Structures are given as structure tokens and as C-alpha cells.
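Residue numbers (our numbering): 68 to 611. For glycine and all other residues, C-beta sits at the position ideal for the given N, C-alpha and C. Here the structure is a predicted model, which means the values were calculated and not measured.
Printed below as a string of C-alpha cells:
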């Protein structure tokens, strides 16, 4: 890019014919004309100030004039004027034309004129008239190349500003859709079917690995569900896993519950979760399959709610991830994330019928899975839950969200573990839906706010700092509203704790995005995996 002064000198070679605009009666002396304004696209504000002000004279040109393109028409009163950029450096000088018309001739200030002998030579004699103007036009033709390059840059920035501004309004629409969809679908009691209509049986597959302080109570919540017919299929990869002992204790405590344990898994693919669940899937005896992660806690009516959502045209019912009430900053951070940023995209996608199903708690029709080869057919994907739903949708079946969220209640709650988990999910999304690499950072509060502050300043000359503060305030309030909808009750923390956790999450979002983008490999359990485009995965280090 050429220096600013060079562009000013090039632009100054243009001569514009006089306008037909009439003179206002209250201006004296009067010089009205079209002034070619050239400003940096990054700083398009131009201020016209009189070089020789006269007491009592009206100078309309002293008001700040904003250009949206090189060559914009500006009407000036008073003579002469200097066009200045935001940096205060004189760029152009506007004076009456030598022929005495009502036009203002545009030329560089003396410093620029001296530095430009070609232009200065055309100004030695005002009496040259048409010959001088002809030379100016010839000189202008030579300068058009540089000006056109700057114009291209300007319009490129203009296009980006429009995109950011339009995207800003689209994100506000997502906020409102998420709140509306949450109010309409979450925590709604469903009508029970008539007594003569039996509820279908459900086979619940629980893949387990290791233990945490809350595992026993989480598993027991499945034994105490209020549902007439279900079986529990616990799948454990290693014979020495301590979770086996907990399951045995629960089976002894609740002998009336149909529960079995499968140890060792079956290697049918790369995905270790699929390998672990395969024996339980093959042994399932009911028409509905519920895959539920070890950290999920169930309420007494959760399974009933999911089954009632399974209409005749529905193949999969999923639960939106949320978090149980726990103490400590990491627990608050998880609840804030899953109740704001994650819930916003999840609920908005569900409203727009976009595949957003997660596999931490999903109820499916076993017959439809068997038609494509069972869960083993998805063993080469690491995000098998997404492709379960995609397989159903591709065959014309519907996906629905349960009115109860998936209550995550892991006993291992740390900031580092949470960030690793979020980054892993981001890597999976980048591999499955590559365009999210462009859209995700633009949906984050801090970055989008900065881009929109620049865009509104560029397009409308709004105060960028004020726009940014207003953006943060509205985003914060809408997130608080959405979290309250998802929680459906009193939050376990005060507003100050919410502010701290919300700020921490929003400020760290860009870091997690860049980390996921820079390091596409995924460490899951003891294995290391490399993702390919489309969602398939290859093993770098096997899960031992």
C-alpha cells in the first residue's frame, strides 16, 4: 500500500466540473462545488476546515463529513478549505477554480505540490485555462491505477463490514430462538397414555470406565426410575476396572431390577466406546435402546419423558446436555457454559431442525440401527452420536429433543478437564462440519462484539466503544435469561459468581478454538486419535 500522502497527491490530480446547485442567500462569499475526498478506508472521516476564516462567515464545511467511497460529492461553503483525515494531516486543498465558477478546485497542500513537480508545473499560470485542465485530466488518468487499487481495498472492507453487521443480527435471532424453544420444549409434562396402551420396553446400555466420587449415586438413579419395563446393560472394557464392584453392589441392593454386566467388549472398529458397548447391544431384548454415559444422573420420570417423546415418526430422542447443581467454581463454569453458549446453539439448531444430537443420553429404535448394521457400522467414527442421527434423517425419520436435559453429575469437576472436553468437541465439529471453523469464532461474544464495533463505526460512524459495551450488556442479559429457562428454578450461585464464570468462559473461548484448530489430534481415555475430514478417525496410539 502506498503512503497516505501519495494517495492524496494522486487524488488531487482529479478535476471535477461545477455543480448546478444554487447558492444559499445567507452565505457570503460563496464557493459551492464538488470536492473529491480521498481518505484511508480504515479511517474514512474527513473534516473540512477553512484556512482563512472570516468573522461572521458561515462555514458549513467545518462539520465532520464522512466518506463512503473515493470521489464522494461534498458541498463546501467558504474559501479556501483543507480536507483533513483523522490523523490531522492535510490531504487536499479546496479553492475556487481560476475561471471564477462556483466549483472548488481540488489540489494538494503546498507541501504535497512541491513534492509533485508534474502537478506543480500545471499550476504556473491560472490563465492557461483549457490547456491546464487538459493536462490535469491527462495526469489524472495516470493516477487512476493507484486510486482504483485503494478503491478495491475500500469496497472489500465495506463488504466485510456489511457481513459482520448482518451476522450480528443473525446471532441475536439465534439468542431469541433458543430462549423461545427452551420455553416451549423444556420441563414440560407430557400426557400419559391410556392404561390399556402398554409402554415399550427399553434396553439401557451403560458404558463404564473407571470410577469417580459420584458414580455410585449416578448409577443408582437408573435402578430407581419409575418405568414399568427396562433392563440395565453395564459394559466395562477391563476386567480389573473398579466400576465392576460398584455395579455388583447395586445389583445386590436392587435385586428386582433386570441388570447384567458385560466385560471385555468386542473390537468392531476404532471407536473404543462402540467396542465396549457391542456385547450389550447384541444382548439387548427390547425395541428401544438408550445409550447413557456414566456421568448422567436420571430423575424418576426421565425415561418416561423420553419414551413419550418417541412418536411414531421419530427415530431418536436426545437430551440437551446440562449440569447438576454442584459446589465450586468449576461446577459453576460448567453450568454456565451448558446453560448459555452450548444451550443457545443446541436449542436454536433444534428449532431449525439441524442435527444437534449428542450421545451422552439418546433413545433410539434398535430396528432402524439393525437395518444399517447396528452400532458396529459406526465404529470408524469417533462422534458416533452425530452419525446415528444423520443415518435416521437420511432415511426420512425425525429427531426430537426431550423436555428434560441430560443431568451431568461427574464427580471429577476441574477447569482443565472442562476445557479439554470443550476443545475435543470442537475438533470433532471441525472434522464433521468443516464450515464451523469459520462460523464458530464469529458466534462468540467477545470477537463478534469487536468486529461489529468496527463495522458500525465504518458504516455508520457509531462510537465503537459504546457499541461494544452495549453488545456485551445485551449478550449478558440474554444469556442470563436462557440459563434461567434451562435451569427452571433457582440457580445455585449468585449474580456475581455468574458474572465471573461467564466472563471467564467468554474470554477463553477464542483460546480453546485456536487450540482445537492448531492440534487436531484427540486424546480420549488412554488412546490418541487423528481425525479425518468427514468425521472418520485413525488410531495414533491405541487405547490400552
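Is DSSP giving residue i helix, strand or coil here?
| i | result |
| --- | --- |
| residue 385 | strand |
| residue 353 | coil |
| residue 391 | coil |
| residue 492 | helix |
| residue 406 | helix |
| residue 138 | Only weak support is given to the placement of residue 138: the predicted model assigns it a pLDDT of 41, under 50, and the question is left unresolved by the model. |
| residue 421 | coil |
| residue 469 | coil |
| residue 90 | Bear in mind that the predicted position of residue 90 carries a pLDDT of just 34, short of 50, making it too unreliable to give a figure here. |
| residue 193 | With a pLDDT of 37 at residue 193, under the threshold of 50, the modelled position of that residue is not reliable, and no figure is offered here. |
| residue 529 | coil |
| residue 375 | helix |
| residue 605 | strand |
| residue 328 | strand |
| residue 315 | helix |
Count the other CB atoms, across all protein chains shown, that sit within 10 Å of the CB of residue i; report buried if there are 16 or more and exposed otherwise.
| i | result |
| --- | --- |
| residue 528 | exposed |
| residue 303 | buried |
| residue 284 | exposed |
| residue 296 | exposed |
| residue 14 | It is not possible to answer for residue 14, since the shown part of the chain is limited to 68 through 611. |
| residue 264 | exposed |
| residue 505 | exposed |
| residue 339 | buried |
| residue 578 | exposed |
| residue 369 | buried |
| residue 593 | exposed |
| residue 59 | A query on residue 59 cannot be resolved here, the shown segment of the chain reaching from 68 to 611 and no further. |
Could you tell me the alpha carbon to alpha carbon distance between residue i and residue j, rounded to whole angstroms?
| i | j | result |
| --- | --- | --- |
| residue 142 | residue 218 | Confidence at residue 142 is low in this model, with a pLDDT of 41, below 50, so the placement of that residue should be treated as unreliable; the coordinate-derived value is given next. Looking at the two C-alpha atoms, the distance is approximately 22 Å. |
| residue 435 | residue 587 | 32 Å |
| residue 568 | residue 407 | 11 Å |
| residue 246 | residue 544 | 12 Å |
| residue 470 | residue 607 | 39 Å |
| residue 468 | residue 413 | 10 Å |
| residue 357 | residue 582 | 33 Å |
| residue 379 | residue 604 | 34 Å |
| residue 350 | residue 477 | 27 Å |
| residue 326 | residue 267 | 17 Å |
| residue 496 | residue 242 | 21 Å |
| residue 422 | residue 490 | 20 Å |
| residue 441 | residue 404 | 33 Å |
| residue 439 | residue 571 | 43 Å |
| residue 316 | residue 286 | 11 Å |
| residue 376 | residue 393 | 29 Å |
Does the distance from the C-beta atom of residue i to that of residue j stay below 7 Å?
| i | j | result |
| --- | --- | --- |
| residue 472 | residue 373 | no |
| residue 279 | residue 536 | no |
| residue 429 | residue 385 | yes |
| residue 336 | residue 343 | no |
| residue 383 | residue 456 | yes |
| residue 347 | residue 271 | no |
| residue 306 | residue 330 | yes |
| residue 560 | residue 399 | yes |
| residue 498 | residue 598 | yes |
| residue 355 | residue 294 | no |
| residue 252 | residue 552 | no |
| residue 427 | residue 360 | yes |
| residue 237 | residue 522 | no |
At a Cβ threshold of 7 Å, is residue i touching chain C?
| i | result |
| --- | --- |
| residue 301 | Looking at the structure shown, chain C is missing, and only one protein chain is on hand. |
For the ligand MG, any of its heavy atoms closer than 6 Å to the Cβ of residue i?
| i | result |
| --- | --- |
| residue 244 | The ligand MG is absent from the structure shown, which contains no ligand whatsoever. |
Which ranges would you report for the alpha helix (DSSP H) in the stretch 550-597 if only whole runs of at least 4 residues count? 562-585
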